[in-house]
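*Asks:*
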Amino acid sequence: MDQLIQTIAVYALPVLFAITLHEAAHGYVARYFGDPTAYQAGRISLNPLRHIDPMGTIVVPLALLFVTRLMGGGLLFGWAKPVPVNWSRLRRPKQDMLWVALAGPASNLLQAIFWVLFLRVMLSAGLIQHADNFWALMAQAGVEINLILMALNLLPLPPLDGGRIVFSLLPPRMAWQYGRIEPYGFAILIVLMVMGWLWPLMMPLLHFGQWVVRGFL
Numbered sequence: 019m020d021q022l023i024q025t026i027a028v029y030a031l032p033v034l035f036a037i038t039l040h041e042a043a044h045g046y047v048a049r050y051f052g053d054p055t056a057y058q059a060g061r062i063s064l065n066p067l068r069h070i071d072p073m074g075t076i077v078v079p080l081a082l083l084f085v086t087r088l089m090g091g092g093l094l095f096g097w098a099k100p101v102p103v104n105w106s107r108l109r110r111p112k113q114d115m116l117w118v119a120l121a122g123p124a125s126n127l128l129q130a131i132f133w134v135l136f137l138r139v140m141l142s143a144g145l146i147q148h149a150d151n152f153w154a155l156m157a158q159a160g161v162e163i164n165l166i167l168m169a170l171n172l173l174p175l176p177p178l179d180g181g182r183i184v185f186s187l188l189p190p191r192m193a194w195q196y197g198r199i200e201p202y203g204f205a206i207l208i209v210l211m212v213m214g215w216l217w218p219l220m221m222p223l224l225h226f227g228q229w230v231v232r233g234f235l
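Numbering (the working numbering), first residue to last: 19 to 235.
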C-alpha cells in the first residue's frame, strides 16, 4: 500500500499537467484559427479542475493502478473532458483541423522535454543525488506519461487527434468516408487494448518521442 501511495504521489502532478495543457492547447489553437467555443466555455485554462473527468481522470486510472500493482503488469488508461471545438467555425475547417488536433500531442512532447530539462537542472544543482529521489522519479514519470499520451493520441483512429490529422490530410471524399469510423473509435481502442495490440501500434510513435527527448539529455 505504501508503494501504491508513493506511485500516486509521483504521478499526480505530471498527469494533471499533461491533461490540462493538452486540452488547453486544443482550445487555444482552435481560438487562434477562428473558433472561440472552448474559450467561451472557459476551457482555455491552466486550472486542472476545468479539464478533469471524475471517472476517466481519477476513478478508472486509480482502479487500474491498484489492480495492476496487485497482479503485476502496467495497464494504465484514462481520459479527460474533451475540449469543445466547433469545426465549422474554423476559418478553413478541414485544413485548420490538422493544427487544432496536433496541438495536444505537441504540448505533451514539449512537456516531456520540460521534464528532461527539469531533471538536468536538478542534477546540475546537486538537488538530486540518486535515481530514486522523489523529484527524479517525478521527472521520469513526467517524461513517460507525456510520451504515452502523445503516442496514444497520434494513433490514426477517429476521434483521437491522429484520426483528425488523417481526416484533414485526406481528399474530401475519402476523408468523409474515413470519418464514419468515429462513432466506433472508442470501442475499437478498447478492443486493441484488451487484445494487446495497442502497445505495439504505439511503439513507433513512442520511439520517435524518445529520440526527440534524448536530444535534451
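For glycine and all other residues, C-beta sits at the position ideal for the given N, C-alpha and C.
Using DSSP with H/G/I as helix, E/B as strand and the rest coil, what is residue 99?
*Replies:* Looking at residue 99 - three-state DSSP - the assignment turns out to be coil, as it is neither helix nor strand.
*Asks:* Distance, Cα to Cα, residue 220 vs residue 179?
*Replies:* Taking the straight line joining both Cα atoms gives about 14 Å.
*Asks:* Quick one: using the 10 Å Cβ neighbour count with 16 as the cut-off for buried, is residue 53 buried or exposed?
*Replies:* Classification for residue 53: buried.
*Asks:* So for residue 199, helix, strand or coil by DSSP?
*Replies:* Coil, per DSSP.
*Asks:* On the CB-based measure, 16 or more other CB atoms within 10 Å of its CB, does residue 212 come out buried or exposed?
*Replies:* Exposed, by the Cβ-count rule.
*Asks:* Under the rule that 16 or more other beta-carbon atoms within 10 Å means buried, what is residue 152, buried or exposed?
*Replies:* Residue 152 should be labelled exposed.
*Asks:* Can you name, in chain order, every residue of its own chain whose Cβ lies under 6 Å from the Cβ of residue 242, other than the five neighbours on each side?
*Replies:* Residue 242 lies beyond the stretch modelled for the chain, which goes from 19 to 235, so this question has no answer here.
*Asks:* Quick check: what's the CA-CA separation for residue 259 versus residue 183?
*Replies:* For the chain, the structure presents residues 19 to 235; residue 259 sits outside this window and is missing.
*Asks:* Tell me where the alpha helix (DSSP H) around residue 63 begins and ends.
*Replies:* Unbroken run through residue 63: none, as it is neither H nor E.
*Asks:* Could you check if residue 73 is buried or exposed, using at least 16 other CB atoms within 10 Å of its CB as the buried criterion?
*Replies:* Counting Cβ neighbours within 10 Å, residue 73 comes out exposed, since fewer than 16 surround it.
*Asks:* Is the beta carbon of residue 167 less than 7 Å from the beta carbon of residue 36?
*Replies:* In this structure, residue 36 lies closer than 7 Å to residue 167 by Cβ.
*Asks:* How about residue 227 and residue 116: are their beta carbons less than 7 Å apart?
*Replies:* No. Outside cutoff.
*Asks:* Roughly how many whole angstroms lie between the Cα atoms of residue 129 and residue 196?
*Replies:* If you take the alpha carbons of residue 129 and residue 196, they lie about 31 Å apart.
*Asks:* Where residue 51 and residue 61 are concerned, what is the direct C-alpha to C-alpha distance, given to the nearest angstrom?
*Replies:* Answer to the nearest angstrom: the Cα atoms are 16 Å apart.
*Asks:* Output needed for residue 34: all residues of its chain with C-beta closer than 6 Å, excluding positions within five of it in sequence on either side, in chain order.
*Replies:* Cβ neighbours of residue 34 beyond the five flanking positions: 66.
*Asks:* Starting from the Cα of residue 171, find the closest Cα among 155, 26 and 124 and give me that residue.
*Replies:* Checking every option, the nearest Cα to that of residue 171 belongs to 124.
*Asks:* Less than 7 Å between the beta carbons of residue 200 and residue 174, yes or no?
*Replies:* No. Outside cutoff.
*Asks:* Is the number of C-beta pairs between the stretch 154-163 and the stretch 24-34 that are closer than 8 Å three or more?
*Replies:* These segments touch.
*Asks:* Tell me the DSSP secondary structure of residue 135 in three-state form.
*Replies:* Reduced to three states, the DSSP call for residue 135 is helix.
*Asks:* Reducing DSSP to helix, strand and coil, say where residue 170 ends up.
*Replies:* Reduced to three states, the DSSP call for residue 170 is helix.
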